[in-house]
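Novice: Numbering (the numbering used here), first residue to last: 4 to 427. From the three backbone atoms N, C-alpha and C, an ideal C-beta is built for every residue, glycine too.
1) Measure the C-alpha to C-alpha separation of residue 155 and residue 175 and round it to an integer number of angstroms.
2) Quick one: complete beta strand (DSSP E) runs, 3+ long, within the segment 124-205?
3) What is the DSSP secondary structure of residue 86, reduced to helix, strand or coil?
4) Locate the beta strand (DSSP E) running through residue 361, then write down its first and last residues.
5) Considering just the uninterrupted stretch of the beta strand (DSSP E) at residue 109, what are its terminal residues?
6) Three-state secondary structure (DSSP) at residue 289?
7) Report the partner residues of residue 227 according to the DSSP bridge assignment.
8) Determine, using beta carbons only, whether residue 3 and residue 71 come nearer to each other than 8 Å.
9) For residue 77, report the span of its alpha helix (DSSP H) as first-last.
10) In whole angstroms, what is the alpha-carbon distance linking residue 62 and residue 32?
11) On a Cα-Cα basis, can you pick out the residue from 57, 373, 235, 421 that is closest to residue 386?
12) If contacts are defined as beta-carbon pairs under 8 Å, then residue 358 and residue 338 qualify, I think. What distance do you get, rounded to the angstrom?
13) Using alpha carbons as the reference points, say which of 164, 185, 158, 51 lies closest to residue 172.
14) For the alpha helix (DSSP H) containing residue 62, list its first residue and its last residue.
15) For residue 267, does the three-state DSSP call read helix, strand or coil?
16) So, is residue 320 buried or exposed, given that buried needs 16 or more other C-beta atoms within 10 angstroms?
17) Please specify which runs of the beta strand (DSSP E), each continuous and at least 3 residues long, are wholly inside the segment 332-400, giving them in chain order.
18) Which residues in the same chain as residue 273 place their Cβ atom closer than 6 Å to its Cβ, once the five residues preceding and following it in sequence are excluded?
19) Under DSSP, the beta strand (DSSP E) around residue 422 begins and ends at which residues?
20) Just confirm the distance between the C-beta atoms of residue 228 and residue 235, as a whole number of angstroms; I'd bet it's less than 8 Å.
21) Please list the terminal residues of the continuous beta strand (DSSP E) segment that includes residue 319.
22) Return the chain-ordered list of same chain residues with a C-beta closer than 7 Å to the C-beta of residue 135, the five sequence neighbours on each side being excluded.
23) Count Cβ pairs between the segment 333-352 and the segment 382-400 that sit closer than 8 Å; are there 3 or more?
24) Kindly give me the distance between the Cβ atoms of residue 296 and residue 269, rounded to whole angstroms, as I take these residues to be in contact under 8 Å.
25) Closest to residue 347 by CA distance: which of 425, 331, 318, 96 is it?
26) With distances taken from CA atoms, which of 189, 307, 340, 36 is nearest residue 326?
27) If I follow the unbroken beta strand (DSSP E) through residue 304, where does it start and stop?
28) Using a Cβ-Cβ cut-off of 7 Å (strictly less than) and excluding sequence neighbours within five positions of residue 39, which residues of its own chain qualify?
29) If you count every other CB in all the chains shown that lies within 10 Å of the CB of residue 76, and 16 or more means buried, which is it?
30) My understanding is that residue 316 touches residue 290, with C-beta atoms under 8 Å, so please give their C-beta distance in whole angstroms.
31) Using DSSP's beta-bridge definition, name the partner residues of residue 296.
32) Closest by CA to residue 231, which one among 322, 276, 201, 127?
33) Once you ignore the five residues that flank residue 414 on each side, which residues in its own chain have a CB closer than 7 Å to its CB?
34) So, using beta-carbon positions, are residue 92 and residue 120 closer together than 8 Å?
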């Protein structure tokens, strides 16, 4: 009986001290991890931290935080193979460690390792399909492949899941400009006035658009017919040639020329703009326009400086352009605020436009540019544009303009714009 009691006491003491030792080891391991992280982040002594992390793995081989720390440390010391091993080890054992994916993806991108990076990104997305950071990483690796068609398809799919991502929308719109695309189209503007025997105005344009990887070239023929009291008072043709061409990965330029032998249009018009995309959905523009008109009283020449800025905010694109215009010693300002809400492609959007003044980029009023530039003008309007059946680009826009037609006298104008293009 005494021996049995003694045996029971010894067994109890054995389990008590074993539990105490185990608990002490756990506490020591946690303390070791905290100390190793401090050495890494504060002291920056990576070799010492590596030794501490390896000791932690020896003491607790299933403690994945030590493996994660080692992966990070080996990345910091450019020991890529070891870093890859430990980070993948953590992911295979327990993919809940998001930092393991982040460290691994960042390292593979730094190394330019496209194949391994795409595999890791796909695995991260499979575990965390709602986390946009991993889609950004995948986009980075796809960009390294320089396959713009693949990049466009990826962004188009990603935008359906993350429509609020401004950088995705901005890049997708740029890429769409670089895809092979040919279109023919017609647009029509009908303008009415609230003054007796003034108007309506008709403007018809035929155009061909040729888009390639380098940029685009656009040819356009416009016909204007202006009526008063039911009779034509002025009509004629204008011929335009425009081009948008890429000058870098994130920048492009616009060049345009136009000529008309008719008084209903300016005789000559020349334009240039440089547009650059910035980070976080921003872009800016600087440009110039030269417009020469020949009214009965003699030739007049106008120069315009354009300064603009735009921002993608999710599916929204907001643009403000300022025109500083000059004739001899006179200066005339004009402003245009344009807002678009994109839905699918760059052809699918609602738009809202408001502005002040007359600018050389408004085709509908160019025939009276020299008369209107010094007068007040307030405009507001909106439109809807849509790609139908992947072939037909359609659009309708309605604009209201409160126009001063002579000093102190104003009129109301309403313009309907219709657009139809065919892609082939």
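Specialist: Well, looking at it:
1) The residue labelled residue 155 in the question sits at position 152 within the chain shown. The residue labelled residue 175 in the question sits at position 172 within the chain shown. Residue 155 and residue 175: Cα-Cα distance of roughly 6 Å.
2) Listed in chain order, the complete beta strand (DSSP E) runs (minimum 3 residues) inside the segment 124-205 are 184-196.
3) To locate residue 86, count along the chain shown from 1; it is residue 83. Residue 86 falls in the helix class under three-state DSSP.
4) Position 358 of the chain shown, counted from the first residue, corresponds to residue 361. Neither: residue 361 is in no beta strand (DSSP E) and is coded neither H nor E.
5) Position 106 of the chain shown, counting from 1, holds the residue named residue 109. Segment 101-114 is the alpha helix (DSSP H) holding residue 109; no beta strand (DSSP E) there.
6) On the chain shown, residue 289 is found 286 positions in, with the first residue counted as 1. Secondary structure of residue 289 (DSSP, three-state): strand.
7) The residue labelled residue 227 in the question sits at position 224 within the chain shown. Answer by DSSP bridge pairing, in chain order: 206, 239.
8) Because the chain here runs from 4 to 427, residue 3 falls outside it and cannot be looked at.
9) Position 74 of the chain shown holds residue 77. Here the alpha helix (DSSP H) through residue 77 covers 67-79.
10) Here residue 62 refers to the residue found at position 59 when the chain shown is read from its first residue. Here residue 32 refers to the residue found at position 29 when the chain shown is read from its first residue. Looking at the two C-alpha atoms, the distance is approximately 7 Å.
11) The residue you call residue 386 lines up with position 383 of the chain shown. Put simply, of 57, 373, 235, 421 the residue whose alpha carbon is nearest the alpha carbon of residue 386 is 421.
12) Walking along the chain shown from the start, residue 358 turns up at place 355. Walking along the chain shown from the start, residue 338 turns up at place 335. Their Cβ separation, rounded to whole angstroms, is 5 Å, which keeps residue 358 and residue 338 in contact under 8 Å.
13) Translated into positions along the chain shown, residue 172 becomes position 169. Shortest Cα-Cα distance from residue 172 to any of 164, 185, 158, 51 involves 158.
14) In the chain shown, residue 62 corresponds to position 59, counting from 1. In the DSSP assignment, residue 62 falls within the unbroken alpha helix (DSSP H) covering 49-62.
15) Your numbering for residue 267 matches position 264 in the chain shown. Here residue 267 sits in coil by DSSP.
16) Against the chain shown, residue 320 aligns to sequence position 317. Classified as buried, residue 320 has 16 or more neighbouring CB atoms from the shown chains inside 10 Å of its CB.
17) Secondary structure within the segment 332-400: the beta strand (DSSP E) runs of 3 or more consecutive residues, fully enclosed, are 333-345, 352-359, 380-391 (chain order).
18) Indexing the chain shown from 1 puts residue 273 at position 270. Only 260, 293 meet the Cβ criterion.
19) In the chain shown, the residue the question calls residue 422 occupies position 419. Residue 422: member of the beta strand (DSSP E) spanning 412-426, first to last residue.
20) Along the chain shown, read from residue 1 onward, the residue named residue 228 stands at position 225. Along the chain shown, read from residue 1 onward, the residue named residue 235 stands at position 232. Residue 228 to residue 235, Cβ: 6 Å. Contact.
21) Locating residue 319 in the chain shown gives position 316, counting from the first residue. 319-330 is the span of the beta strand (DSSP E), which, as asked, contains residue 319.
22) The count along the chain shown starts at 1 and reaches residue 135 at position 132. The residues are 165, 168.
23) At 8 Å Cβ cutoff, the stretches touch.
24) Sequence index remark: in the chain shown, residue 296 carries index 293 (1-based). Sequence index remark: in the chain shown, residue 269 carries index 266 (1-based). So it is a contact: roughly 5 Å between Cβ atoms.
25) Position 344 of the chain shown holds residue 347. Closest in C-alpha terms to residue 347, from the list 425, 331, 318, 96, comes 318.
26) Translated into the one-based positions of the chain shown, residue 326 becomes position 323. Nearest in C-alpha terms to residue 326, of all of 189, 307, 340, 36, is 307.
27) Along the chain shown, one-based indexing puts residue 304 at 301. Unbroken beta strand (DSSP E) run through residue 304: 303-316.
28) Sequence index remark: in the chain shown, residue 39 carries index 36 (1-based). Excluding positions up to five away in sequence, the list reads 52, 55, 56, 59, 72.
29) Taking the chain shown and counting its residues from 1, one reaches residue 76 at position 73. With at least 16 other beta carbons inside 10 angstroms of its own, residue 76 counts as buried.
30) Counting from 1 along the chain shown, the entry for residue 316 is found at position 313. Counting from 1 along the chain shown, the entry for residue 290 is found at position 287. A Cβ-Cβ separation of about 23 Å leaves residue 316 out of contact with residue 290 under the 8 Å criterion.
31) As a working mapping, residue 296 is identified with position 293 in the chain shown. Beta-bridge analysis with DSSP links residue 296 to 303.
32) Mapped onto the chain shown, residue 231 falls at position 228. Comparing Cα positions, the closest option is 201.
33) As a first step, residue 414 must be located in the chain shown, where it is residue number 411. Hits under 7 Å: 196, 197, 198, 406, 408.
34) Here residue 92 corresponds to residue number 89 of the chain shown, with the count starting at 1. Here residue 120 corresponds to residue number 117 of the chain shown, with the count starting at 1. Their beta carbons are not under 8 Å apart, which means residue 92 does not touch residue 120 by this criterion.
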